[in-house]
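Sequence order for the protein chains is A and B.
Under the numbering used here, the first residue of the first sequence is numbered 1, with each subsequent residue one higher.
Under the numbering used here, the first residue of the second sequence is numbered 184, with each subsequent residue one higher.
For reference, the structure discussed in these notes is given below.
2 protein chains.
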Amino acid sequence: MPQKVMDRRVERTRRSLQNALGQLIMEKGFEKITVQDVIDRANVGRSTFYAHFESLDQLLLSGFEPLRAQFEDFLSGTEYDNESPWALSLTMFQQVQKQQGGYITLTHVQKYLYGYLLDHLKTALPKRNKNIPPELLAHYVASSFIALMTWWIDNNYPFPAEKMNELFRQLVEPGTLAIMMGE
Amino acid sequence: MPQKVMDRRVERTRRSLQNALGQLIMEKGFEKITVQDVIDRANVGRSTFYAHFESLDQLLLSGFEPLRAQFEDFLSGTEYDNESPWALSLTMFQQVQKQQGGYITLTHVQKYLYGYLLDHLKTALPKRNKNIPPELLAHYVASSFIALMTWWIDNNYPFPAEKMNELFRQLVEPGTLAIMMGE
DNA sequence: TATGTTTCTGAACATCGTGTTCGGTTATAC
DNA sequence: GTATAACCGAACACGATGTTCAGAAACATA
Chain A
1 MPQKVMDRRV ERTRRSLQNA LGQLIMEKGF EKITVQDVID RANVGRSTFY
51 AHFESLDQLL LSGFEPLRAQ FEDFLSGTEY DNESPWALSL TMFQQVQKQQ
101 GGYITLTHVQ KYLYGYLLDH LKTALPKRNK NIPPELLAHY VASSFIALMT
151 WWIDNNYPFP AEKMNELFRQ LVEPGTLAIM MGE
Chain B
184 MPQKVMDRRV ERTRRSLQNA LGQLIMEKGF EKITVQDVID RANVGRSTFY
234 AHFESLDQLL LSGFEPLRAQ FEDFLSGTEY DNESPWALSL TMFQQVQKQQ
284 GGYITLTHVQ KYLYGYLLDH LKTALPKRNK NIPPELLAHY VASSFIALMT
334 WWIDNNYPFP AEKMNELFRQ LVEPGTLAIM MGE
């Protein structure tokens, strides 16, 4: 939970680090980035970095915080039913699209979104089925979502969020319905 | 291409390193493994490791070589048609199952299999479609495959390969057909 | 069994990234 | 204007990487 009033310097430092990380992820991918890279780009002292974050992973996570809060809100105000997975995926497409040019990157999506969707699906999907284990079904749906989202971001958002969600549903729903009914 | 006759010591060293890596992947995951871990486990000198492989990635890749060769064979003897993607996926399920207890791990699957399937799909799938970009479709199918494969290995091969491939097809085919026909 | 060749060993070394510490400097809030 | 909080940056210990080299061991051959 953020302080009511935050020292300008703190805000400036954190923003700067987040932006630097975002840029570097685009340039060379998260795995190849060092703390040195980030603090050089952000013009921040080494000790300052560690005063704010205990690792690059923490810094990465901090940039995802705004979206995380939105999804929490969304989920706490939603009933679980047959439509809720599609509503959640639509929200995710929309929110990510809105962040274009911000510091939300593919790395954020792949690292955090998958888990959110999976958790939701595990409770939203029917629990018992003789044709397929429910966790497998959840994995399949969540993976498919991430695949579409990854392609979408990689290709620079060629379609609007609504169209992506439609594609997602058209691809995934028929098979899942078929397998739940039995062949 | 392996030598006709290989010095016993070379064979022993390489096997030992591959096995050590396989064990360590199961124990703590590929990302957390260091060269030191591997050579300690394998009882091999530091300089020996670097005489054989130039990195952990190379060592990992070397263990996948047998499977890679099989898939090359399979693909070079197969016509591209509507059935070939399912035949390839079945082969992959079967070959991975056969390697149970060998040094093929989840890491191998996720790092190499995806690329193989994707390449095949890009040529095997119909090239033009007004409803969905072909590369997106290929990504979706390949990701779904990896999702099922991952679950299967994670849960210790609860079903035979044939059943997994059937599930894969039942989940993926209806949606892809529907979207190719137009809604 | 003797010989020449290949492989393995292990210690030493340079290099790089991490995470911490601390005395000194600067910006901010009031 | 002053007390306080944040930032700086140099120094340090640590651990992993990748290379080098001289000596020991295993191998193929005859």
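We treat Cβ as the ideally placed atom computed from N, Cα and C, and that holds for glycine.
If you're wondering where the values come from, they're calculated on a predicted model, not measured in any experiment.
Given residue 331/B, which residues of its chain have a CB within under 7 Å of its CB, disregarding the five upstream and five downstream residues?
347, 350, 351
If we ignore side chains and look at the alpha-carbon of each, how far apart do residue 121/A and residue 227/B end up?
47 Å
Just checking: is the beta-carbon of residue 162/A within a distance shorter than 8 Å of some beta-carbon in chain B?
no
May I ask whether a heavy atom of the ligand COA can be found less than 7 Å away from the beta carbon of residue 44/A?
As far as ligands go, the structure on display features none, and thus does not contain the ligand COA.
Do residue 242/B and residue 200/B have their C-beta atoms within less than 8 Å of each other?
yes
Whole-Å CB distance - residue 301/B paired with residue 321/B, under 8 Å assumed
6 Å
Counting contacts by CB-CB distance shorter than 8 Å, is residue 273/B in contact with chain A?
no
Contacting positions in the region 307-320 of chain B - beta carbon closer than 9 Å to chain A
314, 315, 316, 318, 319, 320
What runs of the alpha helix (DSSP H), each 4 residues or longer, lie entirely inside the region 64-124 of chain A?
84-98, 114-124
Between which two residues does the alpha helix (DSSP H) containing residue 7/A stretch?
Where residue 7/A is concerned, there is no enclosing alpha helix (DSSP H), given that its DSSP letter is neither H nor E.
Cα separation between residue 177/A and residue 212/B?
35 Å
Residue 313/B - containing alpha helix (DSSP H), residue span
Where residue 313/B is concerned, there is no enclosing alpha helix (DSSP H), given that its DSSP letter is neither H nor E.
Residue 205/B in three-state terms, based on DSSP:
helix
If distances are taken between C-alpha atoms only, which option among 106/A, 129/A, 41/A, 8/A comes closest to residue 180/A?
129/A
I want to know whether the region 155-164 of chain A touches the region 94-103 of chain A - three or more CB-CB distances under 8 Å.
yes
Can you name the residues of chain A whose CB is closer than 8 Å to the CB of residue 356/B?
175
Contact criterion: CB-CB distance below 8 Å. Does residue 3/A meet it with respect to chain B?
The pLDDT assigned to residue 3/A is 48, lower than 50, so where the model puts this residue is not dependable, and the model offers no usable value.
Does residue 326/B come within less than 8 Å of chain A when only Cβ atoms are used?
yes
Judging by CA-CA distance, which residue of 133/A, 156/A, 20/A is the nearest neighbour of residue 63/A?
20/A
Does residue 225/B pass the burial test, meaning 16 or more other C-beta atoms within 10 Å, or should it be called exposed?
buried
Proximal chain A residues relative to residue 340/B, where beta-carbon distance stays under 8 Å:
By Cβ distance, chain A contributes nothing, its closest Cβ being about 13 Å from residue 340/B, past 8 Å.
Considering only C-alpha positions, which residue in the set 229/B, 309/B, 196/B is nearest to residue 264/B?
309/B
Quick one, which of 84/A, 35/A, 22/A has its alpha-carbon nearest residue 123/A's?
84/A
Does residue 334/B come within less than 8 Å of chain A when only Cβ atoms are used?
yes
Should residue 107/A go down as buried or exposed, given a rule of 16 or more other Cβ atoms within 10 Å for buried?
buried
For chain B, find out if any of its Cβ atoms is closer than 8 Å to the Cβ of residue 179/A; answer yes or no.
yes
Please report the straight-line C-alpha distance between residue 232/B and residue 189/B, rounded to a whole angstrom.
17 Å
Alpha carbon to alpha carbon, how far is residue 66/A from residue 1/A? Give it in angstroms, no decimals.
Because the pLDDT of residue 1/A is 44, which lies under 50, any placement of that residue in the model is unreliable, and the number read from its coordinates should be weighed accordingly. Spanning the two alpha carbons is a distance of roughly 11 Å.
Neighbour flag for residue 330/B against chain A, beta carbons, 8 Å:
yes
What's the call for residue 77/A, buried or exposed, on a 16-neighbour Cβ count within 10 Å?
exposed
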